[in-house]
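Under numbering that gives the first Met the number 0, the sequence shown has 95 at position 96, and the numbering climbs by one with no breaks. Glycine included, C-beta positions come from ideal geometry on N, C-alpha and C.
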Amino acid sequence: MLPYRRDLTGVARRLRRDATVPERLLWSRLRRRQLGVRFLRQRPIGSYVVDFYCPERRLVIEVDGRSHDGRGAEDAARQKALEDQGLTVLRVTNDEVIRNLDGVIRHLQAWLDEEPP
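Here it is in structure tokens:
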């Protein structure tokens with residue numbers, strides 16, 4: 000298990016409860032090992048809460064929405080901190096999830112099929 004700040008568990012719980020529409024849509028396709036691996040949603044890792052995390056593959060999926068506009072430096076620092084822990088971070092936008100969920104899932108499945116466990 001990756002280390003995380005204990006004070007983030009309440010934040011993660013709230014984020015799960017108040018998930019955005021794109022997060023709910025993506026979760027409906029990630030849950031119950033539909034892609035052959037287990038995903039967790041709104042998971043604390045280090046000083047962050049990531050949208051989705053696959054422990055088996057050390058994969059983080061972040062769904063970027065309007066709240067990420069103008070936060071490029073912040074997102075880059077967050078991504079570097081996660082990558083420094085040996086994680087791979089894949090980013091998708093709200094629009095991609097809403098307009099092309101099947102394409103997002105195909106991309107994730109292709110990544111899972113190509114990357115060694």
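Spatial distance of residue i from residue j (CA atoms)
i	j	result
Ile44	Pro116	20 Å
Gln108	Asp6	33 Å
Ala11	Arg23	15 Å
Asn93	Pro21	6 Å
Arg30	Asp50	13 Å
Leu58	Glu114	10 Å
Leu111	Cys53	10 Å
Leu34	Ala76	29 Å
Buried or exposed by the 16-neighbour rule on C-beta atoms within 10 Å, applied to residue i
i	result
Arg105	exposed
Val96	buried
Gln41	buried
Leu89	exposed
Three-state class that DSSP yields for residue i in the structure shown
i	result
Pro2	coil
Glu114	coil
Please give the ranges of any beta strand (DSSP E) in the stretch 56-99, keeping only runs that are unbroken, at least 3 residues long and fully inside the region. Correct list: 58-63 and 87-92.
Output the residue ranges of the beta strand (DSSP E) runs that lie fully inside the stretch 18-53 and measure 3 residues or longer, sorted by chain position. Listed in chain order, the beta strand (DSSP E) runs fully inside the stretch 18-53 are 39-44 and 47-53, counting runs of at least 3 residues.
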